[in-house]
Structures are given as structure tokens and as C-alpha cells.
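By UniProt numbering, the letter at position 72 of the sequence shown is numbered 72, and the numbering carries on one by one without gaps.
Using N, Cα and C, we set each Cβ at its ideal position, and we do this for glycine too.
The structure displayed is predicted, hence computed values, not measured ones.
Let me begin by presenting the structure, written as C-alpha cells, before commenting on it.
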Amino acid sequence: MVGIHHKDRDALRFLWYDTSGNITGYRFQRVPFGLTSSSFHLTATTQHELNETVTLLKKGFYADDLAVSMYNIKDAKKFQIEAQQIMELAKFQLNSWATTGDERESISILGLQWDTKNDLLYINIEVAPNICYTKRTLLAKAQSVFDPIGFLCPTLVIIKLILQKAWKIKLSWDEPLPSELTVEFQEWYRQLPKLIWCRIPRALGGSLPKEAKRSLHVFVDASKSIYAACIFLRSEYQGAVEVQLIQAKNRIAPTDRITIPRMELLAALIGSRLYLEI
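Okay, here's the thing in C-alpha cells:
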């Protein structure tokens, strides 16, 4: 509840009488719901007092999923209570909470799977036994793997290159792929279930405390067909060093001829944009 300053309480006096008819004067110490300004007081106080929580909410939402990290259980519980209060103002309810060490071993979060026991993120893809080998299928399967972090870039860039080959030979959407592309696609598709073993730590900074010295490191590179960038977090504390991938992006070269120096400049461009986003 929102408190009222001492000097303002006289403006919120009211009379109370008991069954004997005795009248007593009282003052509100907390903002009552009946005031015209009550809604504003609540919103303004919430934004002021819960500013850190509001910031985490703004950064932590992706569509209708919320993901934030805390250093300890106490801070996590505090955030949960305050976040529910803030979202309730807009009539939104935050449900299905989960934390590291949850009883459920695997939880879906932001399109990925979260191993709560080991605090790792991974992807689980089910492969259909019978599919049509067409350009339409190529595009559908390429888009079926959701990888916002980019830790699967080395795998996903392969299907992008196969799809580009299909475009170059001007295939229609439902025309069967040539045997060469079919073999490439089959091999890629057959390997997808193995991605379940490609797992990365969810928490940045690893096991080092928040006092650790941290720095960002961006790497970019290019070839005649691909250019890419990745950004790592390096944490150092009392001689211990941990390095973790934060995000990666890749692009395939345009169909028009382009020089390697130009490709390297494009890699530097997405690397700088990635740095600014982080």
C-alpha cells in the first residue's frame, strides 16, 4: 500500500461513529482507493520504487515469455512479487514460474529447452520420417529451427546454402530437388536430432561472482560464401577466467559476385551491430 505524508493526512480525515452514537475522527495513513488520484499515486510510486524491476521487465520479455536472471533466491523472490504487482496494474497475470533446480528437468523457454538441473539451454528437434524434397520443404525446415542466440549457426548456415542453390537453378516451389541437392538436404536433415547434445550455459558469467572483471570480445570472419560474427563474454576473478558465447550471427553471400574484402567488411558490420545490441 502507498503511504501518505504526515502533513497531507489532514486532507483525508473521516468520521466514524460506533453503535452508541459516539463520533471519532480518523485520518488515512495509506492512499484509499476512492480518491481520484489513487491510480496515479499507485503507478507513480510503483515506477519510482520498483524502477529496477520495471527495467528488468522491459528487457526480459520476448513475446509472451519472460526470462531474467538473479544472483540468489532472495533477489529472485523479490523480483517475482514486484513483477506480479506491476503486471497486475495492466491486468496481466504472470503464470508458470520456473527457476534453476526446478522439479521439472526440462522446460520450454523462448523457443528453446532449458535443462533446469544443469542450467543449460538446448534445442530438441523432431524429424519427420517421410518428407517431400522440394524448395518449399527446404524453406520450411530452415525456418523450423529457432535459434535466437546463434549457437547453432554452423549447422543452420548449411541449409541456407542448399536453399540458395535451389534458387539459383530457378526451381519452382513444389518441383523435386535435383539428386545432388536431395542428398545434401537428406544428410543435413538426418543430423538434426543430434543438436540436442549441443548445450550452452544459460547464465552469463558462469560460476564467478558479480564482482568479476568482465569484457566483451567480438570476432568476425568471411569466406566467398559466408560471413559471420560472434561475441563472447570474458570474466576474470582472482586468476580464474571463464569465456562464454553471448550471441552469433551469419549471412550467406549475395548471388551477385562479391569480393572477399567486401565480405569481410559486411562481417565487420554485423559484428559492430551485434556489439551495440548487447
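Nearest-angstrom Cβ-Cβ length linking L233 and R202, presumed shorter than 8 Å: Numbered from its first residue, the sequence shown carries residue 233 at position 233. Numbered from its first residue, the sequence shown carries residue 202 at position 202. About 13 Å; that fails the 8 Å criterion.
C-alpha distance - I125 paired with T182, whole-angstrom precision: Reading the sequence shown from its first residue, position 125 is the one you call residue 125. Reading the sequence shown from its first residue, position 182 is the one you call residue 182. When rounded, the distance between both Cα atoms is 20 Å.
Please classify Q113: does DSSP put it in a helix, a strand, or coil? In the sequence shown, residue 113 corresponds to position 113, counting from 1. The answer is strand: DSSP assigns Q113 an E or B state.
Using a Cβ-Cβ cut-off of 7 Å (strictly less than) and excluding sequence neighbours within five positions of residue 298, which residues of its own chain qualify? The requested residue 298 is not part of the displayed model; the chain covers only 1 to 278.
Mark N250 as exposed unless 16 or more other C-beta atoms lie within 10 angstroms of its C-beta, in which case mark it buried. Here residue 250 is taken as the residue at index 250 of the sequence shown, counted from 1. With 16 or more Cβ atoms within 10 Å of its Cβ, N250 is classed as buried.
Check for me: the alpha helix (DSSP H) holding D221 runs from which residue to which? Position 221 of the sequence shown, counted from the start, is the residue given in the question as residue 221. From DSSP, D221 is part of no alpha helix (DSSP H) but of the beta strand (DSSP E) over K213 to A222.
Could you pull out every unbroken beta strand (DSSP E) segment of at least 3 residues lying fully inside the stretch 66-120, listed in chain order? List check, beta strand (DSSP E) in window: 106-109 and 112-115.
Looking at the strands, I want to know which residues DSSP matches up with L269. Counting from 1 along the sequence shown, the entry for residue 269 is found at position 269. L269 is not bridged to any residue.
Endpoints, alpha helix (DSSP H) assigned at E184: As a position in the sequence shown, residue 184 is number 184, starting the count at 1. Going by DSSP, E184 is part of the alpha helix (DSSP H) stretching over S179 to Q191.
Span of the alpha helix (DSSP H) around V157: Counting from one through the sequence shown, the residue named residue 157 turns up at place 157. Start and end: C153 to K168.
Find out if the Cβ-Cβ distance for the pair A248, A229 is shorter than 8 Å. Taking the first residue of the sequence shown as 1, we reach residue 248 at position 248. Taking the first residue of the sequence shown as 1, we reach residue 229 at position 229. Yes. Within cutoff.
Run the CB neighbour count on I123, radius 10 Å, all protein chains shown included, and call it buried at 16 or more, exposed below. Counting from one through the sequence shown, the residue named residue 123 turns up at place 123. Counting Cβ neighbours within 10 Å, I123 comes out buried, since at least 16 surround it.
Nearest-angstrom Cα separation, counted from V241 out to A212: On the sequence shown, residue 212 is found 212 positions in, with the first residue counted as 1. On the sequence shown, residue 241 is found 241 positions in, with the first residue counted as 1. Their Cα atoms are separated by approximately 9 Å.
Could you have a look at V127 and say whether DSSP puts it in helix, strand or coil? Translated into the one-based positions of the sequence shown, residue 127 becomes position 127. V127 falls in the coil class under three-state DSSP.
For the 8 Å Cβ check, are there 3 or more pairs between the stretch 140-156 and the stretch 192-206? yes
Would you check if there are 3 or more beta carbon pairs closer than 8 Å linking the stretch 264-272 to the stretch 169-179? Too few Cβ pairs lie closer than 8 Å, so no.
Does DSSP put N250 in a helix, a strand or coil? Position 250 of the sequence shown, counted from the first residue, corresponds to residue 250. In the structure shown, N250 sits in a strand (DSSP, three-state: E or B).
Excluding five sequence neighbours on each side, which residues of the same chain lie with their C-beta closer than 8 Å to the C-beta of A142? Indexing the sequence shown from 1 puts residue 142 at position 142. Closer than 8 Å at Cβ, skipping near neighbours: L156, I159, K160 and L163.
Pairwise C-alpha distance: M70 and A4: Looking up residue 4 in the sequence shown gives position 4. Looking up residue 70 in the sequence shown gives position 70. One point to set straight first is that residue 4 is Ile, not Ala, in the sequence displayed. Their backbone Cα atoms lie some 32 Å apart in a straight line.
Among Y275, L265, S38 and Q85, the one whose alpha carbon lies nearest that of N51: As a first step, residue 51 must be located in the sequence shown, where it is residue number 51. Here the closest residue by C-alpha is Q85.
Cβ-based burial, Y26 [other Cβ within 10 Å; buried from 16]: Position 26 of the sequence shown, counted from the start, is the residue given in the question as residue 26. Classification for Y26: exposed.
Is it the case that the stretch 220-229 contacts the stretch 260-268, given that we only count it when at least three CB pairs across the two stretches are under 8 Å? yes
Looking at I231: is its Cβ nearer than 8 Å to the Cβ of L208? The residue labelled residue 231 in the question sits at position 231 within the sequence shown. The residue labelled residue 208 in the question sits at position 208 within the sequence shown. For I231 and L208, no; Cβs fall outside 8 Å.
For P209, name the three-state secondary structure that DSSP assigns. One-based indexing of the sequence shown puts residue 209 at position 209. Coil, per DSSP.
For P32, the nearest candidate out of R9, G21 and W16 (CA to CA): The residue you call residue 32 lines up with position 32 of the sequence shown. Nearest C-alpha to P32: R9.
Compare the Cα-Cα distances from R30 to each of D18, L12 and V243 and report the closest residue. For the purposes of this step, residue 30 is taken as residue 30 along the sequence shown, with counting starting at 1. Taking only the C-alpha atoms, the option nearest R30 is L12.
Any idea which residues DSSP pairs Q238 with across the strands? Position 238 of the sequence shown holds residue 238. According to DSSP, Q238 bridges with nothing at all.
For V127 versus P193, is the C-beta spacing smaller than 8 Å? Position 127 of the sequence shown, counted from the start, is the residue given in the question as residue 127. Position 193 of the sequence shown, counted from the start, is the residue given in the question as residue 193. In contact: V127 and P193 (Cβ atoms closer than 8 Å).
Ignore the nearest five residues each way along the sequence and tell me which others in residue 299's own chain have a CB closer than 8 Å to its CB. Any answer about residue 299 is impossible in this case: the structure gives the chain only from 1 up to 278.
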